[in-house]
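Under my numbering, read the sequence shown as residues 31 to 388, first letter to last.
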Amino acid sequence: MNAAAPPLDRAALLAWLREDDPARLAQLWAGATAVRRAHHDDIVHLRGLIEISNRCVRRCAYCGMWSGNKDLQRYLMKKDEILACAARAVRRGYGSVVLQSGEDPGIPAKWLADAIAAIKAAHPLAVTLGMGERELDDYALWRRSGADRALLRFETSDAALRRRLHPPLRADQPDRLALLPRLRDLGYEIGGGFMVGLPGQSYETLADDLELCAALDLDMIGIGPYLPCPDTPLGRRFLAGDRGVADQVPNSDLMTLKALALARLLCPEANIPATTALAVASPEKHLAALRAGANVIMPNLTPPAYRRLYHIYPDQARAAGSDAHDLVLAELRQLGLRPGAGPGGRPRELPRPPDQPR
Ligand code: SAH
């Protein structure tokens with residue numbers, strides 16, 4: 031397998047997803063690394079993650095911030111706190127920040143537009159939004175205010191499963207899959223992605239998830255394991271042993287790494303992060319994901335008092351995801367990688383031939 035390998039067909043995808051032989055898997059990691067290198071060089075972009083609010087009106091079955099969680103104290107960061115985080119990203123040499131939030135139309139579009147404009151006026155940062163399914167007018171306003179990218183994971187390609195785990199607010203609400211091309215039309219780079227091991231996700235579904243990333247021609251792809259949150263009915267059932275369908279995909283780090291490596295092969299140009307949910311219990315936070323083809327790390331810059339309230343999955347897991355800048359730099363050095371400079375958008379230039387002397 032090399033950077034010029036033919037596209038993976040369905041049978042090959044499924045075979046890789048079921049592969050457990052370490053020697054064969056070493057070939058998958060090597061293939062993904064070769065493609066990452068051909069399209070992204072040895073550069074890893076660092077993005078500062080700022081979790082600006084945990085307010086949410088949705089009832090996503092997997093997420094601890096669902097609106098039914100009445101015990102969770104809700105917050106909205108102040109604009110100057112967000113700006114302070116952005117300044118910290120710049121001091122660390124990052125080229126972009128990601129503003130992520132629960133989904134709440136009560137967070138005024140104009141308020142966020144002002145925050146985006148203030149960041150763009152003060153810093154040469156790319157701004158990525160992870161605000162969920164807001165009105166297209168809101169996204170248009172944010173784009174005019176300077177936002178560059180929008181993340182909206184489709185969570186699962188199985189439409190029936192998505193409706194069950196991510197129920198719409200109204201029967202006539204457009205699906206988030208319909209929103210992604212609209213966001214691209216507005217001029218955003220678009221990101222999607224999915225969770226691995228969601229109860230109800232079969233191997234066929236996971237292959238569909240990967241093929242959907244390619245079909246959408248995503249600029250960014252986020253893939254992380256489903257981490258059961260005890261503050262959700264789905265998480266409680268999972269922890270009690272109810273793991274889903276026949277042919278259920280496990281929510282393991284290994285399965286997630288296989289999916290990540292295959293996404294790299296299918297979507298060579300995409301920016302693919304080593305997500306926080308991956309390797310939460312491992313001291314080598316990002317190494318396996320970087321070896322499997324990831325080229326982005328998103329250290330969390332959210333102030334600790336808010337961070338523990340951004341409760342998508344259990345706090346131990348969140349706390350274990352290390353954000354120490356020095357650790358990230360040491361990991362990159364260990365793999366012969368370098369932090370990227372500048373905004374680090376999707377590279378659309380021709381790839382370097384894989385066997386060209388370096
Ligand atoms: N409201 C925004 C951001 C949600 S949090 C939106 O809907 O896009 C970002 C991502 O975290 C989600 O898209 C989901 O893929 C992931 N996530 C949520 N709960 C999770 C869980 N229990 N385990 C793993 N990932 C989770």
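Ideal Cβ placement from N, Cα and C applies to all residues, glycine included.
So, is residue i buried or exposed, given that buried needs 16 or more other C-beta atoms within 10 angstroms?
| i | result |
| --- | --- |
| V275 | exposed |
| Q130 | buried |
| W59 | buried |
| E165 | exposed |
| L213 | buried |
| P329 | buried |
| R121 | exposed |
| R48 | exposed |
| G227 | buried |
| A371 | exposed |
| D402 | In this structure the chain extends from 31 to 388, so residue 402 is not present and cannot be described. |
| D283 | buried |
So, helix, strand or coil for residue i, using DSSP?
| i | result |
| --- | --- |
| I137 | coil |
| R388 | Caution applies to R388, whose pLDDT of 44 falls short of 50 and renders its modelled position unreliable; the value that the coordinates give is listed next. Note: R388 maps to coil in three-state DSSP. |
| M285 | helix |
| P303 | strand |
| H316 | coil |
| I16 | The chain is shown from 31 up to 388; residue 16 falls before or after that span and cannot be answered. |
| L79 | strand |
| E185 | strand |
| P255 | strand |
| Q364 | helix |
| P263 | helix |
| W46 | helix |
| E332 | The residue asked about is misnamed: residue 332 is Thr in this sequence, not Glu. The answer is coil: DSSP assigns T332 none of H, G, I, E or B. |
| P369 | strand |
| G160 | strand |
| L359 | helix |
| Q103 | coil |
| L129 | strand |
| A311 | coil |
| V275 | coil |
| V120 | helix |
| R179 | strand |
| V87 | coil |
| M31 | The predicted model places M31 with a pLDDT of 49, which falls under 50 and marks its position as unreliable, so this point remains unresolved. |
Is it the case that the CB of residue i approaches a heavy atom of ligand 1 more closely than 7 Å?
| i | result |
| --- | --- |
| S312 | no |
| C259 | yes |
| I342 | yes |
| Q57 | no |
| E219 | no |
| Q278 | no |
| Q130 | yes |
| G160 | yes |
| R192 | no |
| A133 | Note on identity: in this sequence residue 133 is Glu, with Ala being the wrong assignment. For ligand 1, at least one heavy atom lies less than 7 Å from the Cβ of E133. |
| G254 | yes |
| A307 | yes |
| M225 | yes |
| L182 | yes |
| E185 | yes |
| Y92 | yes |
Is the beta carbon of residue i within less than 7 Å of some heavy atom of ligand 2?
| i | result |
| --- | --- |
| Y233 | Here the bound small molecules are ligand 1; ligand 2 is not part of this structure. |
Q.
At 4 residues or longer, what runs of the alpha helix (DSSP H) sit wholly inside the segment 190-246?
A. 206-215 and 233-245
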